[in-house]
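K.L.:
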Amino acid sequence: MALSISAVLLLLIIVVLLIRRSGLKTGHAIACTLLGFYLASSSWAPQITDLTNNVAGMISDIKF
550 MALSISAVLL LLIIVVLLIR RSGLKTGHAI ACTLLGFYLA SSSWAPQITD LTNNVAGMIS
610 DIKF
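Numbered according to my numbering, the sequence shown spans residues 550 to 613.
1. Return the chain-ordered list of same chain residues with a C-beta closer than 8 Å to the C-beta of A578, the five sequence neighbours on each side being excluded.
2. Identify which residue in G572, T601, T575 and S571 has its Cα closest to the Cα of V557.
3. Taking C-beta to C-beta, are L588 and I597 nearer than 8 Å?
4. Mapping the DSSP letters down to three states, classify F586 as helix, strand or coil.
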């Protein structure tokens, strides 16, 4: 649960910055949000979740 909340906050910050700095249109951001909701309820959701968890695990294993 903590990972998904962190990912949501990170993605929200990225979208806000893209809207303000890079000219991302609000309509495009809404379309991306709707796509996320539809993907979450699709048959691809388990694979997307596994991929996200694997990438997060690889990032957390990086030693500086």
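Glycine included, each C-beta is placed from N, C-alpha and C at the ideal position. Here the structure is a predicted model, which means the values were calculated and not measured.
P.N.:
Checking against the coordinates, here is how it stands:
1. Your numbering for residue 578 matches position 29 in the sequence shown. The answer, listed in chain order, is V564, L567 and I568.
2. Position 8 of the sequence shown, counted from the start, is the residue given in the question as residue 557. Of the listed residues, the one whose Cα sits closest to V557 is T601.
3. Stepping through the sequence shown from its first residue, residue 588 is reached at position 39. Stepping through the sequence shown from its first residue, residue 597 is reached at position 48. The answer is yes: Cβ separation under 8 Å.
4. For the purposes of this step, residue 586 is identified with residue 37 of the sequence shown, where counting begins at 1. Three-state DSSP puts F586 in a helix.
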